[in-house]
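Take 1 as the starting number for the sequence shown in full-length UniProt numbering and just add one per residue. Idealized CB from N, CA, C, for every residue including glycine. Structure, as structure tokens:
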Amino acid sequence: MENTTILKDLDELIEKDDFSGVVSIKKQGKIIYEKASGYADRGNRIKNNIETKFGIASGTKLFTALAIGKLIDQGKISMETKVCDIIDYNFELYSKDITIRQLLTHTSGMPDYYDEDKIDDFDNFYVDIPWYHLKEPKDYFPIFPKEEMKFLPGKSFAYCNGGFVLLAAIVSEVSKMTYKDFVEQEIFTAVGMTNSGFYAMNRLPENTAIGYVKDDMGWRTNIYNLPIVGGGDGGAFTTIGDLYILWEALLSNKILSKDLVDSYIKPYVKAESEGKDTYYGHGIWVYEEKGKPVEEYIVGCDAGISFKSAIIREKEITYTVISNTGNGAWPILREIINLVYNKGL
């Protein structure tokens with residue numbers, strides 16, 4: 001079946017679901033599908049376009065992992081470096097044996113300030129400090145929970161946003177730069193991701209999508225639901241074009257050494273909570289089902305954001321869906337998975 005015929009289903013779904021965001025699929029080095037839909041700014045009726053910048057929530061964790069990798073390649077830290085040897089986080093109930101590797105792989109066991117297993121309403125989640133005070137990784141420390149460890153370091157998997165905030169603080173401490181400046185200089189600028197950055201929610205640049213949340217009164221922006229600027233576990237903005245650049249640069253070892261890249265994209269721990277065939281590497285998810293091509297991906301969800309970017313190397317397919325609504329990406333992603341695995345895309 002021709003790709004154009006297969007992809008008609010995707011067109012129809014985007015229209016039926018009133019999707020707001022961007023979708024792009026590349027196969028064997030060529031873009032075979034690309035579409036922008038909906039509004040970047042509903043109040044001013046500004047439409048999304050292919051070059052619109054979007055927040056990607058937890059997709060940011062890969063950038064944090066890459067920043068840590070740069071410092072490892074430079075010989076300034078190692079995977080087995082203990083966090084407490086760099087950051088005086090002064091949390092009495094947290095283990096002093098937590099390593100950088102354990103933070104990168106969500107195996108630290110530390111409790112999470114944004115524990116997704118305990119949150120009922122992501123669109124209305126708040127912390128004890130105003131979001132606009134969270135400007136640097138260390139600003140998050142006062143809201144880290146004063147709770148016992150979930151398990152001893154390295155003994156299990158538990159997704160932990162706070163662990164990546166700690167990693168961002170390590171980047172800042174070791175590099176003597178702000179976390180944002182380091183990522184922008186060593187990753188975005190270095191590989192040519194010119195449309196990516198950490199933008200303050202109240203100072204978004206031109207052609208950047210505002211995130212939207214739907215409530216009983218209609219659509220509202222997400223400005224009061226997220227930190228003012230990214231802190232290591234989320235908050236980066238990027239485009240579908242820059243994400244293609246990212247995957248190519250990562251997998252051709254232009255960002256990190258080959259040995260480090262190989263370890264990052266290799267399944268390290270089984271993510272039991274995410275399904276029987278889902279694993280986590282170092283900042284990257286891996287889906288590895290018997291009899292199917294392996295998929296490496298990053299994903300993010302927050303108030304006014306839903307996102308996934310994935311690569312299936314065996315099929316030479318890369319795809320990205322970013323929406324500036326909290327659930328908009330998921331139906332589109334399910335259809336892409338169906339097209340890839342069941343319809344011969």
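What's the call for residue i, buried or exposed, on a 16-neighbour Cβ count within 10 Å?
{"i": "residue 1", "result": "Because residue 1 sits at a pLDDT of 42, beneath the cut-off of 50, its placement in the model cannot be relied upon, and the point is left open."}
{"i": "residue 323", "result": "buried"}
{"i": "residue 111", "result": "buried"}
{"i": "residue 130", "result": "exposed"}
{"i": "residue 314", "result": "exposed"}
{"i": "residue 201", "result": "buried"}
{"i": "residue 5", "result": "exposed"}
{"i": "residue 253", "result": "exposed"}
{"i": "residue 175", "result": "buried"}
{"i": "residue 230", "result": "buried"}
{"i": "residue 211", "result": "buried"}
{"i": "residue 80", "result": "exposed"}
{"i": "residue 227", "result": "buried"}
{"i": "residue 30", "result": "exposed"}
{"i": "residue 217", "result": "exposed"}
Throw me the rounded Cβ distance for the residue i and residue j pair, which I believe falls under 8 Å.
{"i": "residue 309", "j": "residue 325", "result": "Not confirmed; about 17 Å, so no contact."}
{"i": "residue 13", "j": "residue 335", "result": "5 Å"}
{"i": "residue 298", "j": "residue 284", "result": "6 Å"}
{"i": "residue 56", "j": "residue 307", "result": "5 Å"}
{"i": "residue 300", "j": "residue 58", "result": "4 Å"}
{"i": "residue 164", "j": "residue 233", "result": "4 Å"}
{"i": "residue 157", "j": "residue 271", "result": "5 Å"}
{"i": "residue 182", "j": "residue 171", "result": "5 Å"}
{"i": "residue 246", "j": "residue 72", "result": "Incorrect: roughly 19 Å between the Cβ atoms, too far for contact."}
{"i": "residue 167", "j": "residue 282", "result": "With a Cβ gap of about 10 Å, residue 167 and residue 282 do not count as contacting."}
{"i": "residue 42", "j": "residue 219", "result": "6 Å"}
{"i": "residue 136", "j": "residue 178", "result": "7 Å"}
Among the options, which one has its Cα closest to the Cα of residue i?
{"i": "residue 49", "options": "151, 201, 238, 292", "result": "238"}
{"i": "residue 208", "options": "293, 44, 89, 185", "result": "44"}
{"i": "residue 146", "options": "17, 36, 93", "result": "93"}
{"i": "residue 144", "options": "89, 270, 132, 195", "result": "89"}
{"i": "residue 273", "options": "42, 18, 117", "result": "117"}
{"i": "residue 78", "options": "53, 46, 234, 102", "result": "102"}
{"i": "residue 195", "options": "167, 330, 333, 242", "result": "242"}
{"i": "residue 153", "options": "176, 139, 98, 173", "result": "98"}
{"i": "residue 52", "options": "64, 276, 21", "result": "21"}
{"i": "residue 332", "options": "6, 11, 5, 248", "result": "11"}
{"i": "residue 114", "options": "294, 41, 302", "result": "302"}
{"i": "residue 345", "options": "327, 291, 329, 312", "result": "312"}
{"i": "residue 108", "options": "251, 83, 343", "result": "83"}
{"i": "residue 74", "options": "125, 8, 256, 9", "result": "256"}
{"i": "residue 70", "options": "18, 330, 184, 220", "result": "184"}
{"i": "residue 159", "options": "279, 9, 91, 221", "result": "279"}
{"i": "residue 151", "options": "137, 106, 139, 173", "result": "106"}
{"i": "residue 124", "options": "7, 24, 223", "result": "223"}
What residues are listed by DSSP as bridge partners for residue i?
{"i": "residue 317", "result": "27, 312"}
{"i": "residue 286", "result": "279, 296"}
{"i": "residue 307", "result": "300, 322"}
{"i": "residue 37", "result": "21"}
{"i": "residue 238", "result": "54"}
{"i": "residue 46", "result": "41"}
In chain order, each alpha helix (DSSP H) run of at least 4 residues that lies wholly inside the segment 76–151: If we require 4 residues or more, the alpha helix (DSSP H) runs fully inside the segment 76–151 come out as 100–104.
Sequence ranges, beta strand (DSSP E) only - wholly within the segment 191–235, length at least 3: As far as the segment 191–235 is concerned, its whole beta strand (DSSP E) runs of at least 3 residues are 212–215, 218–221.
Uninterrupted alpha helix (DSSP H) stretches inside the segment 239–270 (no shorter than 4 residues): Annotation: the segment 239–270 contains the following complete segments of the alpha helix (DSSP H) (minimum length 4 residues), in chain order: 240–251, 258–265.
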